[in-house]
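Report on one structure; see the data block that follows.
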Amino acid sequence: MKLYFTILIFFTAFAASAGTKISGIVTNQKGEAVPGSNVYIKGSYDGTSSDVNGNFSFETDSSGKQILMVQALGFKPQETVIECAGQIIELEIKLSESINLLTAVTVTAGAMEAGDEKKSVVLKPLDIVTTSGAMGDITGALLTLPGTSTVGNDGRLFVRGGDASETSIFIDGLQVGNAYGSTASNVPTRNRFSANLFKGSFFSTGGYSAEYGQALSSALALNTLDLPLRSQGDVSIMSVGGGYTQTLTGKQNALTASANYYNLAPYQSLVKQDFDWEKSPESWDSEISLRHKWGNASNGKAGFIKAYFHTEGNRMTIWQKIPGGNSRGDRVQLRNRYSYSNISFRHSGKKDWFFYGGVAFSHNSDALKLNADPLCRINQLAHAKLVAVKDFSPRFSFKNGLEWFVKAYSEALTDVNLKRSYTDHQPNHFAEATYYFSNRLIMVAGVRSGHSSLAKQFWMTPRFSVAWKLDNQGQFSFAAGKFKQLPEEKIRVLQNNLQNTAATHYILNYFFASNNRTFRAESFYKIYDHLVTYDDAAGNYSNFSQNGSGYARGVDFFYRDRKSIKETDFWITYSFVDSRRKYAAYETRVQPSFAPKHNGSIVVKHFASALKSQLGTSWSWNSGYPFSNPNRTDDMQQKTKMYSDLSISWSYLPRPHIILHVACSNVLGRNNVFGYRYASQPDESGTYAGLPVGQGAKRFAFAALFITISRDKNANQLNNL
Amino acid sequence: MKKLTFIITVLLLSVLSVKAQDSPFQKIMKKEIEKINKADSLAQFQQSANAFSRIAELNPTEWQPLYYHALACTFQGLSNKLTLDQKDEALAKAEDLAKKAEGISADNSEIIALKGFITMAKVSADPAGRGQSLSGQALAEFGRSLAIDSKNPRALILMAQMEAGIARFFGSGMEKACSLAKQSMAIFAAQDEEVLKAAMKPTWGRRIAESMSKSCE
């Protein structure tokens, strides 16, 4: 009993003397206080937080050798071995910075991101659909961004002196063939994919990552939605058609199916058209999208698989006047069938491995009839991709990707049994390393290589970018790289062994984002090489060579402000492009018709709560399109008058689940001209007769009613605006 | 004999003490929960966050320390003293922790309600930029939370606040928002807070419900 007593006394005494007081200060490497850091003895509940001045002090009952942990947001955790023996311990802890992807510098050269939460975004996903003038077309919204030119008789994306084929489009990382609807020449087209599908986009106007290839000027990567929020049905009734979308959601899966029908005939019978339609454009489309999520992100292994199928059909017949002719002109009849399917996955594995990839297939067939001559074109694109990313440390990650493209094209004059076609296999590999020197300095270097079975050519292109964050919210980035692209299919099918065309980009960018204001300035220099040139004898091309070359240089500015004017969000864009190139049938370097020198736009959105409405307007302008007048001896020396389009839109939300949307483009009714077409032969007086290439109609008005049916009465189709 | 009595006494005592007394984990949890419930400054929420982080590290299989750590980060993310970047940093941390908590306790109405609260905090950090896209997500999260436990007073009152915002925007009536607030208040009033506290269950949100119920009257 005595013994027990002794032991008890001993323990009490020990416990009383065991309290060790630990105090000190936590600073960064510069000696500045780090407040709010977590200071504690590892393996015990004993600990505290540093105060505003970085000081801390606490007591522990632990004894002997212990590990003192210090953790703070933005810093690497630090361990210090201490000896707890009842005495007071004084410590000075210096923490070193850790890489924080959320706030660290990002490369913004060439890149414009649309996302919800990221820092370097210039657009929100909703902007793509709420920009007036865009009429729900993804391309239309992107054309209000710097570095782009509106080409009103084409409708596609033209970037920095590059033609539309120089932009490659990807959905969930997989390339899309024929992303724009087929159309007759000088009749503008739209992107086939509904903006509602996407949660964000990455639009690069140059200097992009090694992940993207076969694009000389630009890459547009669209990312589809993950799991929708709820099951719902969406009805749309529009002045040009209607549609229905049903979404079903489970816990880990979702299914969306939609069908739409559009017919411009009723609208075009009411409003005077400048195009001579025999049959107004009519189209249908249907889509199915399946999504499945697995695993648990908290324990490392998780993934997502998406399958998406889209199919559509379009038809139109239009008469196009011949310059100098008196008749109705050429009759162009077009029937288009298009399908795109895409299965993509992403999976985060153990040990900081991340995998993504998938397969995609596009099939486009155009049955054209030019007067009596039928022509059938079939375009196919298959793309398979597998990418592995490994984060070796928070500073260093390495990406490796393998891709396989199969591109097939055929065109046939069906009545005379003439057919020509080709199939090209293109294995590609890319590797890219990203290294953070600090939260303020990042470097990305990559290389992309590929081989074309048809061109029998191997190529390798380096890419490099670096970004430096300043003390304020601004940052500079620089990007450079070489880019290759095989010529357009219509040319390749005539001359199978054509090699890659090439471009080199240099881009210097300044980006500033703070408190709902964004400013972006970028200058660029792009050199074109190995462009295809040929002789053009009234549409018959011959004598192909790749001696074409050129350049595009310029500067562009973007300012967006959501703060200065109450309930109002606006952005202003100005782009200057100086481009000359020798290409196609031009014998000297000319300013291309699709590269106006000065381009600008202003987009304003105002939320009028009292009217339960969003009012929008956008103005887009450029200094005019160059064109060649055969009545003069020089190429491309003339320019159209300037282009200007003011559009307005009004979205009214009488109830949370009902949206009424009205929009009108070119409200001022300006007669825009995009160029001139000339007769191939001079008339009796020796002059070539010309016709302006203009708009389909002075204005385009659009009205729609969107109704969402769900158990949650607040759900709506804001995305449809 | 003496020895035997002693051993039995010791055993008995230790058994009793286990029954009557909290484990160190429960003890410290209760102490810190008490603190976070009273906290109203950025520094206090930071201290709470650190304290729950320490507890979570020692108890990796419990969801409550992660939940409260996330909650402390969310309250920080709502502080007007922080810049947008700092708010986002705190809320990203909160989101990460809530996900981890969900990994331990799936289909937990409280954790899902907290996720909705985090989304709400993101919206309030930048209402013009995020309101349209994230409001729906917050509502859906509260909906999921209530599907598991229709009597979760926190999910009810936060949803009531979202509904009130929508009603204000559309100039429609506050009936729906107020009825949710009333339901929430009734649950808060009926519950025995001490019992919940003893079980380390969340009890916060009462003040929001009280002030909203008042404004509804």
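From first to last, the protein sequence lines stand for chains A and B.
All letters in the first sequence, in the order written, are residues 44 to 764 by my numbering.
All letters in the second sequence, in the order written, are residues 702 to 918 by my numbering.
The beta-carbon is built from N, C-alpha and C at its ideal position, and this holds for glycine as well.
| Which chain B residues sit within Cβ distance under 7 Å of T146/A? | D786, E790
| field | Cross-strand partners of D434/A (DSSP beta bridge) | value | Partner(s): S440/A.
| field | chain A contact for S718/B (CB, 8 Å cutoff) | value | Low confidence applies here, because S718/B scores a pLDDT of 49, under 50, leaving its location unreliable; read the following figure in that light. Residue contact check for S718/B against chain A: no CB pair falls below 8 Å.
| field | Span of the beta strand (DSSP E) around R623/A | value | Boundaries of the beta strand (DSSP E) harbouring R623/A: 611-624, taken from the DSSP string.
| Closest by CA to S671/A, which one among L186/A, K682/A, V490/A? | It is K682/A whose Cα lies nearest to the Cα of S671/A.
| query | Relative to chain B, which residues along the segment 257-277 of chain A have a C-beta separation below 7 Å, given in chain order? | reply | L272, R273
| task | Quick one: grab the DSSP three-state call for R742/A. | result | coil
| From F799/B to K739/B, what does the alpha carbon distance come to, in whole angstroms? | Sequence check: residue 799/B is Ala here, not Phe. So the two alpha carbons sit approximately 22 Å from each other.
| task | Name the residue from T267/A, D277/A, A308/A whose alpha carbon lies nearest to the alpha carbon of G284/A. | result | A308/A
| field | Beta-bridge pairing of C419/A - partner residues as DSSP gives them | value | A410/A, A455/A
| field | C-alpha distance - W4/A paired with Y310/A, whole-angstrom precision | value | One cannot answer for residue 4/A here, as it falls past the ends of chain A, which runs 44 to 764.
| Who are the neighbours of P766/B on chain A, taking C-beta pairs under 7 Å? | Per Cβ cutoff of 7 Å: no residues; P766/B is ~11 Å from chain A at best.
| field | Beta-carbon spacing of T576/A, A627/A below 8 Å | value | Their beta carbons are under 8 Å apart, which means T576/A touches A627/A by this criterion.
| Going by beta carbon distance, what residues of the same chain come within less than 6 Å of A791/B, once the five residues before and after it are set aside? | C774, Q777, G778
| query | The alpha helix (DSSP H) spanning D797/B covers which residue range? | reply | 785-805
| query | Would K525/A pass as a contact of T547/A if the rule is Cβ separation under 8 Å? | reply | yes
| request: With 9 Å as the C-beta to C-beta threshold (strictly closer), list the residues of the segment 878-889 of chain B near chain A in chain order. | output: none
| task | Answer yes or no: do Y768/B and I734/B have a C-beta to C-beta separation smaller than 8 Å? | result | no
| Relative to the C-alpha of S742/B, which residue among D89/A, L429/A, V95/A, G90/A is closest? | V95/A
| At a Cβ cut of 9 Å, what residues of the segment 691-709 of chain A count as close to chain B, listed as they run along the chain? | L696, P697, R698, P699
| request: Kindly indicate which three-state DSSP category G86/A falls into: helix, strand or coil? | output: Reduced to three states, the DSSP call for G86/A is coil.
| request: Evaluate K788/B with the Cβ neighbour count: other Cβ atoms within 10 Å of its Cβ, from every protein chain shown; 16 or more gives buried, anything less gives exposed. | output: buried
| query | Are the CB atoms of L785/B and N558/A nearer to each other than 8 Å? | reply | The answer is yes: Cβ separation under 8 Å.
| said: So, for F404/A: in the same chain, excluding its five sequence neighbours on each side, which residues have a beta-carbon less than 6 Å away from its beta-carbon? | reply: S384, A425
| task | Show which residues of chain B have a CB atom less than 8 Å away from the CB atom of D612/A. | result | A829
| said: Is G286/A close to chain B? Criterion is C-beta to C-beta, closer than 8 Å. | reply: no
| Alpha-carbon to alpha-carbon, I701/A and A297/A | 23 Å
| query | What are the residues of the segment 647-661 of chain A that lie near chain B, defined by any Cβ-Cβ distance shorter than 7 Å? | reply | S652, K655
| message | Can you pull the chain B neighbours of S92/A, defined as C-beta to C-beta under 7 Å? | response | Q747, Q748, N751
| Own chain, CB closer than 6 Å to R713/A, minus 5 neighbours either side, in chain order | Cβ within range, chain order: S687.
| said: Is it buried or exposed, K499/A, if we count other Cβ atoms within 10 angstroms and call 16 or more buried? | reply: exposed
| task | Report the neighbours of I759/B on chain A: residues whose CB is nearer than 8 Å to its CB, in chain order. | result | The sequence given here has Leu at residue 759/B, not Ile. What L759/B touches in chain A: G86, S87, Y88.
| Whole beta strand (DSSP E) elements within the segment 644-696 of chain A, 3-residue minimum | Look at the segment 644-696 of chain A and you find these whole runs of beta strand (DSSP E), each 3 residues long or longer: 656-665.
| task | Answer with yes or no whether the minimum CB distance from K167/A to chain B is below 8 Å. | result | Interface residue, yes.
| task | May I ask you to report which of helix, strand or coil DSSP gives R907/B? | result | helix
| said: Please give the ranges of any beta strand (DSSP E) in the segment 65-121 of chain A, keeping only runs that are unbroken, at least 3 residues long and fully inside the region. | reply: 81-84, 90-92, 98-103, 107-114, all fully within the segment 65-121 of chain A.
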